[in-house]
Ligand SMILES: C[S@@+](CC[C@H](N)C(=O)[O-])C[C@H]1O[C@@H](n2cnc3c(N)ncnc32)[C@H](O)[C@@H]1O
């Protein structure tokens with residue numbers, strides 16, 4: 460089946476500099492803390508270059524990282540604990556395993572690459588089918604009530620193995636609840652671009668799809684310090700499902 464993926468996930472050169480652009484961060488501290496110290500079986504859907512998977516594996520957890528982009532997985536396999544992790548090239552919707560998991564996560568706003576209702580339905584079904592009865596599902600999506608347009612653009616310089624790279628992110632348009640934006644990476648010898656669309660799901664839409672999948676929300680946090688979600692002020696909607 461044809462899978463459309465954004466250029467910055469499938470281009471090997473851009474996958475190689477992903478961790479410089481998106482280094483360890485407080486969202487990852489939050490996700491890492493969810494696992495605790497007792498060994499758990501963890502499923503990371505849309506694992507990208509596997510920074511979190513590697514950190515879980517370093518703590519002795521049994522980790523499966525799933526991503527459709529081979530270029531991202533290639534970087535992930537090279538992580539320090541990469542050989543202890545099961546890597547699967549697959550969309551979250553299509554993932555199947557004989558195992559049930561204690562913790563299932565979808566991080567880095569990977570949830571927002573899901574543009575269609577049926578894609579979210581399939582992802583929640585996948586999560587439900589692979590969750591231990593006492594397990595937890597945690598993922599986040601940006602709160603659509605925030606003015607993302609005005610916050611979106613940035614320019615940074617990355618110090619990469621290819622030399623200095625000027626990266627910019629530019630908002631293009633919002634049609635209904637889908638934002639299009641463009642990334643540009645100026646290398647010394649070439650400029651690479653990537654155009655992406657993200658959907659800004661409402662809390663109610665997500666809750667409706669969770670409920671259809673017989674998944675019950677335990678908590679919604681509004682930030683990585685685990686403050687309660689505020690519809691007007693919180694940038695994040697961090698959903699925690701299940702008791703674990
Ligand atoms: C913004 S990155 C996040 C990666 C990682 N979770 C992180 O926090 O750094 C989004 C990832 O989602 C992956 N992706 C795209 N479509 C997907 C799908 N249908 N199922 C699972 N992952 C998908 C991309 O290949 C990419 O690696």
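Residue numbers (my numbering): 460 to 703.
Glycine included, each C-beta is placed from N, C-alpha and C at the ideal position.
Check: residue i C-beta below 6 angstroms from any heavy atom of ligand 1
| i | result |
| --- | --- |
| residue 527 | yes |
| residue 538 | no |
| residue 656 | no |
| residue 505 | yes |
| residue 672 | no |
| residue 531 | yes |
| residue 566 | yes |
| residue 621 | no |
| residue 572 | yes |
| residue 550 | yes |
| residue 569 | yes |
| residue 490 | no |
| residue 613 | no |
| residue 468 | yes |
Cutoff 6 angstroms; reference residue i; Cβ partners in own chain excluding five residues on either side
| i | result |
| --- | --- |
| residue 561 | 499, 500, 591, 594 |
| residue 605 | 694 |
| residue 504 | 525, 551, 565 |
| residue 570 | 598, 600 |
| residue 697 | 599, 680 |
| residue 508 | 477, 478, 531, 534, 535 |
Through-space distance from residue j to residue i, alpha-carbon basis
| i | j | result |
| --- | --- | --- |
| residue 635 | residue 654 | 18 angstroms |
| residue 492 | residue 646 | 36 angstroms |
| residue 650 | residue 565 | 30 angstroms |
| residue 602 | residue 611 | 14 angstroms |
| residue 599 | residue 506 | 14 angstroms |
| residue 546 | residue 532 | 7 angstroms |
| residue 510 | residue 567 | 11 angstroms |
| residue 476 | residue 661 | 31 angstroms |
| residue 631 | residue 527 | 25 angstroms |
| residue 512 | residue 494 | 11 angstroms |
Close-in-space but distant-in-sequence residues of the same chain around residue i (CB under 7 angstroms, 5 per side omitted)
| i | result |
| --- | --- |
| residue 552 | 578, 581, 582, 585 |
| residue 467 | 473, 642, 653 |
| residue 587 | 672, 673, 674 |
| residue 669 | 583, 676, 700 |
| residue 688 | 679, 680, 681, 696 |
| residue 464 | 527, 528 |
Own chain partners of residue i with C-beta closer than 8 angstroms, once the 5 adjacent residues on each side are dropped
| i | result |
| --- | --- |
| residue 496 | 518 |
| residue 686 | 680, 693 |
| residue 488 | 683 |
| residue 471 | 530, 533 |
CB contact below 7 angstroms: residue i versus chain C
| i | result |
| --- | --- |
| residue 514 | No chain C is present in this structure, which holds just one protein chain. |
>> I want to know whether the region 619 to 635 touches the region 534 to 541 - three or more CB-CB distances under 8 angstroms.
In response: no
>> With a threshold of 8 angstroms, are at least 3 pairs of Cβ atoms found where one atom belongs to the region 539 to 546 and the other to the region 516 to 523?
In response: Taking a cut-off of 8 angstroms for Cβ pairs, the region 539 to 546 and the region 516 to 523 touch, as three or more such pairs fall below it.
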